[in-house]
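K.L.:
Number of protein chains: 2
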Amino acid sequence: MKKSRWIDISVPLRDGMVHWPDNPPVRIERILDLDRGDLATVSKISMGSHTGTHMDAPLHFVQKGAGMDQMPIDATVGLARVIEIRDRKSIRLKELQHYHIRSGERILFKTKNSGRCWKSDKFVKEFVYLSTEAAIELARIKVRTVGIDYLSIGGYKQNGLEVHRTLLSQGIWVIEGLDLSKVEPGFYDLICLPLKMAQGDGAPARAILKKLGGTR
Amino acid sequence: MKKSRWIDISVPLRDGMVHWPDNPPVRIERILDLDRGDLATVSKISMGSHTGTHMDAPLHFVQKGAGMDQMPIDATVGLARVIEIRDRKSIRLKELQHYHIRSGERILFKTKNSGRCWKSDKFVKEFVYLSTEAAIELARIKVRTVGIDYLSIGGYKQNGLEVHRTLLSQGIWVIEGLDLSKVEPGFYDLICLPLKMAQGDGAPARAILKKLGGTR
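Chains as they are written, first to last, in our numbering: chain A, 3 to 218; chain B, 3 to 218.
The following block contains the structure:
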């Protein structure tokens, strides 16, 4: 059988993994275990709704905004473009303008975060984030979806509020916590499915990419 | 834009929803809330690894079996067949044999469960399950994946151990907790993505179907 060409761009969920500073820790423990003589192995999971690879719903920053369970599937299933950002600090308007982004595009930003931030269980404060001016431009263009390769689209103690509100209030769906280290820039088939959290502000998700032109 | 033809076959995750009797309860609480004056809305999730729509890894019933994070993507992304079962008690070999199931197929069983069991937050003990003889036959055929529309592929206090072991020990991936009430029997494009739980015995998942011949 032909080897699948899907690239997994989700980070593994692990006990004690990195999380956003004021969010709950990630705890995964075996409550039943074949190795201890139980009849099956079963785990208990405790985590925040914005853990690891996850999505933000408008509700996360917009009162009475749509919840995760209201996301149209085509927000995250379909053609997507991976754009590689060179800037080591933030995604600025100037760099963005090279790419002639169009209305309706699903854009995933591969930054220096992918090769660096996921190596540690300690939260990395200086991750590459979307500048406010770039967020305003993406909202103006009306992209469909924006993804980034660490835990927030906005900077830590920087512009998180403005960036989230700018995108989410315009109905732009946000994927955070991607690992794009194995992905070259270009066009892909994207599948990102978040858990169907009823009236969820966000939800952990699994995301995969396949280079366009490959076979399923 | 054309309306998406994806059918969501996942059950919503809700605080207090039904769960397998000896598994942890499902607790979802807002720890930050715009409605209470916080700057964002964020939730904490606590649940078992086999909550709602989810998958079982071999590790669930097989010592040193593969974990959720080792699942090949093609186990749950690709062509699938929805078979409607008339039997109100279990999926028996006799009914199964009508369908001439072939090696490598992804089979989702739509039973009476879909229209009945998800209406209650109380666990339904008498759900339709896979008989042991049918499980042995599916393992012999070497199907790729088997899905069912309530919380276990095996019966409650019946044959859970045998059915799980029969399938999982043969590397057959199992999807449980589907809601197939909106789905007619037939062939579909399946996407089911479980969370990437490191060495996970199972994981909550999101699953969608699209009738073959539709456009993405």
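Using N, Cα and C, we set each Cβ at its ideal position, and we do this for glycine too.
Could you name the residues of the stretch 45-60 of chain B whose beta carbon sits closer than 7 angstroms to any beta carbon of chain A, in the order they occur along the chain?
P.N.:
S45, K46, I47, S48, M49, G50, S51, H52
K.L.:
Alpha carbon to alpha carbon, how far is A82 (chain B) from V148 (chain B)? Give it in angstroms, no decimals.
P.N.:
The count along the second sequence starts at 1 and reaches residue 148 (chain B) at position 146. The count along the second sequence starts at 1 and reaches residue 82 (chain B) at position 80. Between the C-alpha atoms of V148 (chain B) and A82 (chain B) there is a straight-line separation of about 10 angstroms.
K.L.:
At a Cβ threshold of 9 angstroms, is V84 (chain A) touching chain B?
P.N.:
In the first sequence, counting from the first residue as 1, residue 84 (chain A) sits at position 82. No, no contact with chain B.
K.L.:
What are the residues that DSSP puts in a beta bridge with C235 (chain B)?
P.N.:
Because chain B spans 3 through 218 in this model, residue 235 (chain B) falls outside it and cannot be assessed.
K.L.:
Taking all protein chains shown into account, do 16 or more other C-beta atoms lie within 10 angstroms of the C-beta of P26 (chain B), making it buried, or fewer, making it exposed?
P.N.:
As a working mapping, residue 26 (chain B) is identified with position 24 in the second sequence. So P26 (chain B) ends up on the buried side.
K.L.:
Could you list the residues in the stretch 11-25 of chain B with a C-beta less than 9 angstroms from some C-beta on chain A, going in chain order?
P.N.:
So the list reads S12, V13, P14, L15, R16, D17, M19, W22, D24, N25, given in the order they occur along the chain.
K.L.:
At least one CB of chain B closer than 9 angstroms to the CB of V64 (chain A): is that the case?
P.N.:
Walking along the first sequence from the start, residue 64 (chain A) turns up at place 62. Output row for V64 (chain A): interface = yes.
K.L.:
Could you please give me the residues that DSSP links to I9 (chain A) through a beta bridge?
P.N.:
For the purposes of this step, residue 9 (chain A) is taken as the residue at position 7 of the first sequence. Note: I9 (chain A) sits in a beta bridge opposite A:L211.
K.L.:
If you draw a straight line from the alpha carbon of K112 (chain B) to that of A68 (chain B), how long is it in whole angstroms?
P.N.:
For the purposes of this step, residue 112 (chain B) is taken as residue 110 along the second sequence, with counting starting at 1. For the purposes of this step, residue 68 (chain B) is taken as residue 66 along the second sequence, with counting starting at 1. When rounded, the distance between both Cα atoms is 27 angstroms.
K.L.:
Are the C-beta atoms of K124 (chain A) and some chain B residue less than 9 angstroms apart?
P.N.:
As a first step, residue 124 (chain A) must be located in the first sequence, where it is residue number 122. It does not: the Cβ of K124 (chain A) has no partner Cβ on chain B nearer than 9 angstroms.
K.L.:
Between B:K127, B:V130, B:T168, which lies nearest to V145 (chain B) when the distance is taken from Cα to Cα?
P.N.:
As a working mapping, residue 145 (chain B) is identified with position 143 in the second sequence. Cα-wise, what sits closest to V145 (chain B) is B:T168.
K.L.:
For the alpha helix (DSSP H) that E97 (chain A) lies in, which residues bound it at each end?
P.N.:
In the first sequence, the residue the question calls residue 97 (chain A) occupies position 95. Element bounds for E97 (chain A): 95-98.
K.L.:
So P206 (chain B) contacts chain A; which residues on that side make the cut at Cβ distance below 7 angstroms?
P.N.:
Translated into the one-based positions of the second sequence, residue 206 (chain B) becomes position 204. Residues of chain A whose Cβ lies closer than 7 angstroms to the Cβ of P206 (chain B) are, in chain order, L197.
K.L.:
Where does the unbroken beta strand (DSSP E) through V176 (chain A) begin, and where does it stop?
P.N.:
For the purposes of this step, residue 176 (chain A) is identified with residue 174 of the first sequence, where counting begins at 1. Element bounds for V176 (chain A): 175-178.
K.L.:
Do you know whose CA, among B:F125, B:E139, B:K212, lies nearest Q172 (chain B)'s CA?
P.N.:
Stepping through the second sequence from its first residue, residue 172 (chain B) is reached at position 170. Per the Cα distances, B:E139.
K.L.:
Scan the stretch 131-162 of chain B for residues whose Cβ lies nearer than 7 angstroms to a Cβ of chain A and list them as they occur along the chain.
P.N.:
For the stretch 131-162 of chain B, the set of positions with a beta-carbon nearer than 7 angstroms to some beta-carbon of chain A is empty.
K.L.:
Under three-state DSSP, which class holds A42 (chain B)?
P.N.:
Here residue 42 (chain B) is taken as the residue at index 40 of the second sequence, counted from 1. A42 (chain B): coil per DSSP, three-state reduction.
K.L.:
Determine, using beta carbons only, whether S200 (chain A) comes closer than 9 angstroms to chain B.
P.N.:
One-based indexing of the first sequence puts residue 200 (chain A) at position 198. With the sequence shown as reference, residue 200 (chain A) is identified as Ala, and Ser is not the correct amino acid for it. A200 (chain A) counts as touching chain B.
K.L.:
Can you give me the start and stop residues for the alpha helix (DSSP H) that T134 (chain B) sits inside?
P.N.:
Taking the first residue of the second sequence as 1, we reach residue 134 (chain B) at position 132. T134 (chain B) -> alpha helix (DSSP H) spans 134-143.
K.L.:
Which residues in chain A sit within 7 angstroms of A42 (chain B), going by Cβ to Cβ distance?
P.N.:
By 1-based counting over the second sequence, the position of residue 42 (chain B) is 40. In chain order: H62, F63.
K.L.:
Using the three-state DSSP reduction, which class does V165 (chain B) fall into: helix, strand or coil?
P.N.:
Within the second sequence, numbered from 1, the residue matching residue 165 (chain B) stands at position 163. DSSP places V165 (chain B) in helix when its eight states are reduced to three.
K.L.:
Under 9 angstroms between C-beta atoms, does A209 (chain B) make it to chain A?
P.N.:
The count along the second sequence starts at 1 and reaches residue 209 (chain B) at position 207. Yes, A209 (chain B) lies at the interface with chain A (some Cβ there is under 9 angstroms from its Cβ).
K.L.:
Given Q201 (chain B), which residues of its chain have a CB within under 6 angstroms of its CB, disregarding the five upstream and five downstream residues?
P.N.:
As a first step, residue 201 (chain B) is located in the second sequence; it is residue number 199 there, counting from the start. So the list reads G69, once near-sequence residues are dropped.
K.L.:
Rounded to whole angstroms, what's the CA-CA distance from W120 (chain B) to I174 (chain A)? Just pull it up for me.
P.N.:
Within the second sequence, residue 120 (chain B) is the residue found at index 118, counting from 1. Within the first sequence, residue 174 (chain A) is the residue found at index 172, counting from 1. So the two alpha carbons sit approximately 31 angstroms from each other.
K.L.:
Quick one: Cα of P62 (chain B) to Cα of L95 (chain A), how far?
P.N.:
Numbered from its first residue, the second sequence carries residue 62 (chain B) at position 60. Numbered from its first residue, the first sequence carries residue 95 (chain A) at position 93. For the record, residue 62 (chain B) in the displayed sequence is His; it is not Pro. Spanning the two alpha carbons is a distance of roughly 48 angstroms.
K.L.:
For the beta strand (DSSP E) that contains P1 (chain A), what are its first and last residues?
P.N.:
Because residue 1 (chain A) is not part of the residues shown, which for chain A are 3 to 218, the question remains open.
K.L.:
Is the Cβ-Cβ distance between S51 (chain B) and V44 (chain A) less than 9 angstroms?
P.N.:
Here residue 51 (chain B) is taken as the residue at index 49 of the second sequence, counted from 1. Here residue 44 (chain A) is taken as the residue at index 42 of the first sequence, counted from 1. In this structure, S51 (chain B) places its C-beta atom within 9 angstroms of the C-beta atom of V44 (chain A).
K.L.:
Between the Cα of G54 (chain A) and the Cα atoms of A:A42, A:G106, A:P23, which residue gives the shortest distance?
P.N.:
Your numbering for residue 54 (chain A) matches position 52 in the first sequence. The candidate whose alpha carbon is nearest that of G54 (chain A) is A:P23.
K.L.:
Just to make sure I have the definition right: I need the residues of chain B whose C-beta is within less than 7 angstroms of the C-beta of D37 (chain A). Which are they?
P.N.:
For this step, residue 37 (chain A) is matched to residue 35 along the first sequence. Per Cβ cutoff of 7 angstroms: Q65.
K.L.:
Considering Cα atoms alone, identify which of B:L163, B:P187, B:M73, B:V185 is closest to G204 (chain B).
P.N.:
For this step, residue 204 (chain B) is matched to residue 202 along the second sequence. In terms of Cα proximity to G204 (chain B), the closest of B:L163, B:P187, B:M73, B:V185 is B:M73.
K.L.:
Let me make sure I understand the geometry here. Which of B:Y101, B:V126, B:M199 has the alpha-carbon closest to that of H21 (chain B)?
P.N.:
Your numbering for residue 21 (chain B) matches position 19 in the second sequence. For the residues B:Y101, B:V126, B:M199, the minimum Cα distance to H21 (chain B) belongs to B:V126.
K.L.:
Could you spell out where the beta strand (DSSP E) holding G80 (chain B) opens and where it closes?
P.N.:
Residue 80 (chain B) sits at position 78 when you count from the first residue of the second sequence. Unbroken beta strand (DSSP E) run through G80 (chain B): 79-86.
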